[in-house]
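Enquirer: Mapping of the sequence shown onto my numbering: position 274 corresponds to residue 279, and the numbering continues sequentially without gaps.
Cβ atoms here follow ideal geometry from the backbone N, Cα and C, with glycine treated the same way.
Okay, handing you the structure first.
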Amino acid sequence: MKKLVLIDGNSIAYRAFFALPLLSNEKGDYTNAVYGFTTMLLKVLEDEKPTHLLVAFDAGKSTFRHKTYAAYKGTRQKTPSELSGQIPLIHQMLDAFSIKRYEAIDYEADDIIGTAATEAAKDGYEVVVITGDKDLLQLVGDNVEVVLTKKGITEVDRYNEAKIDERYGLKPKQIIDLKGLMGDTSDNIPGVPGVGEKTALKLLGEFKNVETVLDSIDKVSGKKLKERLEENKEQALLSKELATIKLDVPLEEKISELAYEGYDYKEAKEAFKQLSFASLLGRLNGGEDEEDNPVEMEHLSIEIIEELTENHLVSPSALVVEVLGEHYHHADIVGISIANKNGQFYIPTSKAVESDLFKAYMKSEREKKWLFDAKKAVVALAWQGIELNGVDFDLQMASYLLDPSLSSHEISDISSRKGTGSVQDDETVYGKGAKQALPDEQVLAEHLCRKAHAMFQLKELLEEELRENEQYELLFDLEMPLSIVLGRMEKEGVRVDRDQLIAMGDDLSERLASLENKIHEEAGETFNINSPKQLGHILFETLGLPPVKKTKTGYSTSADVLEKLSGSHPVIEHILLYRQLGKLYSTYIEGLLKVADEKTNKVHTRFNQALTQTGRLSSTDPNLQNIPIRLEEGRKIRRAFIASNEEWSIVSADYSQIELRVLAHISGDERMKEAFLEDMDIHTKTAMDVFHVEHEEVTDLMRRSAKAVNFGIVYGISDYGLSQNLSITRKEAKEFIDRYLSSYPDVKAYMENVVNEAKEKGFVQTLLARRRYLPELASRNFNQRSFAERTAMNTPIQGTAADIIKLAMVQMSKRLEESDLKATMLLQVHDELIFEVAKEDVAELKEMVADVMENALKLDVPLKVDVSSGASWYDAK
């Protein structure tokens, strides 16, 4: 039997957004609604196995119902931008799954679903409607079932006619009459004042529908109820009309044209990759058994080198240093290839590392090498005792700068996009995951030589594009020198004090044991705190706390649920602390001990230079950017980071409010510039300007509110986001933002101008010409367009701040090389640089780093750096 599944797109997206905490992908896009929606979609595909499928969306704010009743949905708060910005991403996800989506001007998604369900049922289809909106229960019939999501998105109730009768004692069509009498606060359908669900059901049980109720008022028991019905006859009929789903929307496609034949694994996988949905990859069908179509390979002459000669090592050459996987600190170089005017050559690793000729070539500044991911090559060769200099081009960084929104900057993808020849992707050659393995030498040699050959062809092409974009200097003067600096920092590593970590671990273990006892005492019994099922039973049944959210397996005990229960019982705070300390122990105590080198006690993080769309660096294995510092126990983790020599110290240099200083410069706002030029506390100054008070009248609450909006403006905060941060209403948050923008008119003008300019150009850029393309600015879809506008406002600020600290790193590296200081740059964490230095050179280094960082880029306001030193990173803060 043919089966049509109809999904209420807006309803499911809305529920997913509020069911899950705010999540974001590696690019910084919010994704919690997309994640929840996709989880639901996969479940629907698995459980329902539809032959036909459609997702319906609302087309806009105004519908035919607004013409009937202007206040329809008038009490609804504006959709948070954090949600509206995800609707385009949901559309993209549906397109990747080859699922048809539809919206119709003047109608709601309900009406599209109602029309399609009615037509399909008449044609003998089995119809299943997926929604969170009870209004759609009126569609239930012989061939139509409605699956209602409950508090979350995975727990559902399935309604047929029997279930509606059991739940309400009504026929499906009477759901419309129910809404007519009791109204619907979410849609601002008035109903009859004072009539709730219980009264409405009683009336319908006796009189069947609204019209009969109104014709039989004299038979209704209760004087007040009679009066209310008499006074609100028209309103009751209007409410029923508003609640009635249209069944005659003009659909562009016939039901038969909604046939669903499944999705393409590669397209779905690529969509997941872009959204950082790694945890969902395993739920895709077709990946494991899929036979990749072989790439059409042009003939390429290659030579497997038996003996290296100067003929092989000429300048310039494209160089591939192949390391499998991301963990290049702990992996072997599997092979090396070179392409130049003399041909394509494969060099077995053993021959390369044993060759003095090769080592000299690598070390030479004069011999120019074109690489893909120079940082990775620098580190991999350094572990083999080979120094790499003369890097003249980095294909990965060039591709990244030209368009950071692309999900892949691998050689095979760049070559495919630019049409310069065929290169197989690594997964095809090596396999993936546990099945990854080296092919025989001939296959490996050809693969690496094809990579080098493609790079040799691509260099000039990408370089020309960089010149056209005025990004040539950004690559050659900033990102490429930085990649060498980062590579050397990674190889150097940073020492951790194992004894400190072990002592902290012991202390945390005691704290966790103590907390466990307290929690058990407060609960009145012992149980496994780490078991959501047992914890849910204790909180919501034993202790009787109000359940916030339910999942398929029981009560939700997620962090957002516990935070909402904060203050309702002492056990909640103890559980939250228990979880935080437990994560600290597993992630940072055990985690750092695991990755620290056994001989040197150093950890070698990997800096991600070509990942974020703003240009920010991140780090992996270990992620040193995310060491939690809100808890004192988290801050103490930094105590374990020490200098590699006992006679040396750690120096920390941290930019003060760099993004706000960049905003002051870019916007030119005189009030904001005044605060920095006069070295005032910017949050106090903002509170003075927004609340119209003198310095001494600024309260802690005022300053905290000002701080939240100051930093929030930089990240494009909405009234919803600010209301969550400050625990105030969205109305209060909006009023605060409006006052802020009124106090700083040039900031407001900047936000308007940068969006208008981006619409003309199609991109925004930093002061150093780093670009971010925003094609969604031209979209006719409001949600997609508004999200792009917010991105346009904050990207130049975040990106310029990222560029500044990168400039400082390159300049500091040069200054250290030119000086006699015994000092090494170790880490970059957000707006902070960390060094180790001989104690006798501490004062000179502090002076040097402040000078370099504060003058890295000239702004209209001074850059300020806080520099401190100590025996550990913690002491230096």
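Compare the Cα-Cα distances from residue 388 to each of 287, 427, 492, 309 and report the closest residue.
Expert: Indexing the sequence shown from 1 puts residue 388 at position 383. Among 287, 427, 492, 309, the Cα nearest to that of residue 388 belongs to 492.
Enquirer: Which ranges would you report for the alpha helix (DSSP H) in the segment 211-239 if only whole runs of at least 4 residues count?
Expert: The segment 211-239 contains these whole alpha helix (DSSP H) runs: 215-220, 228-236.
Enquirer: Where do the ends of the alpha helix (DSSP H) carrying residue 506 lie?
Expert: Within the sequence shown, numbered from 1, the residue matching residue 506 stands at position 501. Residues 503-528.
Enquirer: Compute the distance between the beta-carbons of residue 723 and residue 85, then report whether it is under 8 Å.
Expert: Reading the sequence shown from its first residue, position 718 is the one you call residue 723. Reading the sequence shown from its first residue, position 80 is the one you call residue 85. In this structure, residue 85 lies closer than 8 Å to residue 723 by Cβ.
Enquirer: Apply the 10 Å Cβ neighbour rule to residue 110 and answer buried if 16 or more other Cβ atoms are within range, or exposed otherwise.
Expert: Against the sequence shown, residue 110 aligns to sequence position 105. Exposed, because fewer than 16 other Cβ atoms sit within 10 Å of the Cβ of residue 110.
Enquirer: Given a threshold of 16 other Cβ atoms within 10 Å of its Cβ, counted over all protein chains shown, does residue 41 qualify as buried or as exposed?
Expert: In the sequence shown, counting from the first residue as 1, residue 41 sits at position 36. Counting Cβ neighbours within 10 Å, residue 41 comes out buried, since at least 16 surround it.
Enquirer: To the nearest angstrom, how far is it from the Cα of residue 756 to the Cα of residue 871?
Expert: By 1-based counting over the sequence shown, the position of residue 756 is 751. By 1-based counting over the sequence shown, the position of residue 871 is 866. Those two C-alpha atoms are separated by around 29 Å.
Enquirer: Kindly indicate the opening and closing residues of the alpha helix (DSSP H) around residue 870.
Expert: As a position in the sequence shown, residue 870 is number 865, starting the count at 1. No alpha helix (DSSP H) contains residue 870, which is instead part of the beta strand (DSSP E) from 870-875.
Enquirer: Quick one: grab the DSSP three-state call for residue 342.
Expert: If you number the sequence shown from 1, residue 342 lands on position 337. Note: residue 342 maps to strand in three-state DSSP.
Enquirer: Have a look at residue 53 and residue 47 and give me their C-alpha separation to the nearest angstrom.
Expert: On the sequence shown, position 48 is the one that residue 53 refers to. On the sequence shown, position 42 is the one that residue 47 refers to. The alpha-carbon atoms of residue 53 and residue 47 are separated by roughly 10 Å.
Enquirer: From this set, 370, 265, 192, 572, which residue's C-alpha is nearest residue 75's C-alpha?
Expert: For the purposes of this step, residue 75 is identified with residue 70 of the sequence shown, where counting begins at 1. Comparing Cα positions, the closest option is 192.
Enquirer: What first and last residue would you give for the beta strand (DSSP E) that runs through residue 655?
Expert: Locating residue 655 in the sequence shown gives position 650, counting from the first residue. 653-660 is the extent of the beta strand (DSSP E) around residue 655.
Enquirer: Alpha helix (DSSP H) containing residue 95: first to last residue?
Expert: The count along the sequence shown starts at 1 and reaches residue 95 at position 90. 92-101 is the extent of the alpha helix (DSSP H) around residue 95.
Enquirer: Quick one, are the C-beta atoms of residue 59 and residue 121 less than 8 Å apart?
Expert: Reading the sequence shown from its first residue, position 54 is the one you call residue 59. Reading the sequence shown from its first residue, position 116 is the one you call residue 121. Yes, they are a contact pair.
Enquirer: Going by CA-CA distance only, name the one from 117, 279, 335 that's closest to residue 255.
Expert: Taking the sequence shown and counting its residues from 1, one reaches residue 255 at position 250. Of the listed residues, the one whose Cα sits closest to residue 255 is 117.
Enquirer: Are residue 196 and residue 177 close, meaning C-beta to C-beta below 8 Å?
Expert: Looking up residue 196 in the sequence shown gives position 191. Looking up residue 177 in the sequence shown gives position 172. Going by C-beta atoms, residue 196 is not nearer than 8 Å to residue 177.
Enquirer: DSSP beta-bridge partners for residue 778?
Expert: On the sequence shown, position 773 is the one that residue 778 refers to. Paired residue(s): 768.
Enquirer: Buried or exposed for residue 490, please, with buried defined as at least 16 other CB atoms from any protein chain shown within 10 angstroms of its CB.
Expert: Mapped onto the sequence shown, residue 490 falls at position 485. Counting Cβ neighbours within 10 Å, residue 490 comes out buried, since at least 16 surround it.
Enquirer: In terms of alpha-carbon separation, which member of 795, 812, 741, 736 lies closest to residue 773?
Expert: As a first step, residue 773 is located in the sequence shown; it is residue number 768 there, counting from the start. When each option's Cα is compared against that of residue 773, the closest is 812.
Enquirer: Check whether the Cβ atoms of residue 459 and residue 434 sit closer than 8 Å, and answer yes or no.
Expert: Your numbering for residue 459 matches position 454 in the sequence shown. Your numbering for residue 434 matches position 429 in the sequence shown. Result no, Cβ atoms of residue 459 and residue 434 do not sit closer than 8 Å.
Enquirer: What did DSSP end up calling residue 610 once you bin it into helix, strand or coil?
Expert: Locating residue 610 in the sequence shown gives position 605, counting from the first residue. It is coil, neither helix nor strand.
Enquirer: When we look at the beta-carbon of residue 896 and count the other beta-carbons within 10 Å, is it buried (16 or more) or exposed?
Expert: In the structure as shown, the chain begins at 6 and stops at 882. Residue 896 is therefore absent and cannot be evaluated.
Enquirer: Consult DSSP for residue 884 and reduce its assignment to one of helix, strand or coil.
Expert: Lying before the first or after the last residue shown, residue 884 is absent from the chain, which here runs from 6 to 882.
Enquirer: Under 8 Å by Cβ, that's how I've got residue 577 and residue 589 pegged, so tell me the actual separation to the nearest angstrom.
Expert: By one-based count along the sequence shown, residue 577 stands at place 572. By one-based count along the sequence shown, residue 589 stands at place 584. Actually they do not touch by this definition, with Cβ atoms about 19 Å apart.
Enquirer: How many Å lie between residue 140 and residue 134 at the Cα?
Expert: Residue 140 sits at position 135 when you count from the first residue of the sequence shown. Residue 134 sits at position 129 when you count from the first residue of the sequence shown. Rounded to the nearest angstrom, the two C-alpha atoms are 12 Å apart.
Enquirer: Buried or exposed: which applies to residue 6, given that a residue is buried once 16 or more other Cβ atoms fall within 10 Å of its Cβ?
Expert: As a working note, residue 6 is residue 1 in the sequence shown. Exposed.
Enquirer: Going by other Cβ atoms of all chains shown within 10 Å of its Cβ, with 16 needed for buried, is residue 606 buried or exposed?
Expert: Counted from its first residue, the sequence shown places residue 606 at position 601. By the neighbour-count rule (16 or more Cβ atoms within 10 Å), residue 606 is buried.
Enquirer: Does the segment 652-660 come within contact of the segment 830-844, defined as at least 3 CB pairs closer than 8 Å?
Expert: Result yes; three or more Cβ-Cβ pairs closer than 8 Å.
Enquirer: Under 8 Å, with one C-beta from each stretch per pair, do the segment 86-97 and the segment 254-274 reach the 3-pair mark?
Expert: At 8 Å Cβ cutoff, the stretches do not touch.
Enquirer: Between which two residues does the beta strand (DSSP E) containing residue 348 stretch?
Expert: Looking up residue 348 in the sequence shown gives position 343. Where residue 348 is concerned, the enclosing beta strand (DSSP E) stretches over 348-352.
Enquirer: In whole angstroms, give me the CA-to-CA distance for residue 799 and residue 469.
Expert: For the purposes of this step, residue 799 is taken as the residue at position 794 of the sequence shown. For the purposes of this step, residue 469 is taken as the residue at position 464 of the sequence shown. Their Cα atoms are separated by approximately 28 Å.
Enquirer: What's the C-alpha gap between residue 880 and residue 527?
Expert: Taking the first residue of the sequence shown as position 1, residue 880 is located at position 875. Taking the first residue of the sequence shown as position 1, residue 527 is located at position 522. Between residue 880 and residue 527, the C-alpha separation is close to 37 Å.
Enquirer: At a Cβ threshold of 8 Å, is residue 590 touching chain C?
Expert: Protein chains in the displayed structure number just one, and chain C is not present.
Enquirer: Using a Cβ-Cβ cutoff of less than 7 Å, which residues in the same chain neighbour residue 664 once the five nearest sequence positions on both sides are dropped?
Expert: As a first step, residue 664 must be located in the sequence shown, where it is residue number 659. For residue 664, where only same-chain residues beyond five positions count, the Cβ hits under 7 Å are 719, 802, 803, 806.
Enquirer: Which residue wins for smallest C-alpha separation from residue 855, given the options 817, 822, 864?
Expert: As a first step, residue 855 must be located in the sequence shown, where it is residue number 850. Residue 855 has its Cα closest to that of 817, out of 817, 822, 864.
Enquirer: Measuring straight from C-alpha to C-alpha, what distance separates residue 333 and residue 28?
Expert: Locating residue 333 in the sequence shown gives position 328, where the first residue counts as 1. Locating residue 28 in the sequence shown gives position 23, where the first residue counts as 1. The straight-line gap from Cα to Cα measures roughly 29 Å.
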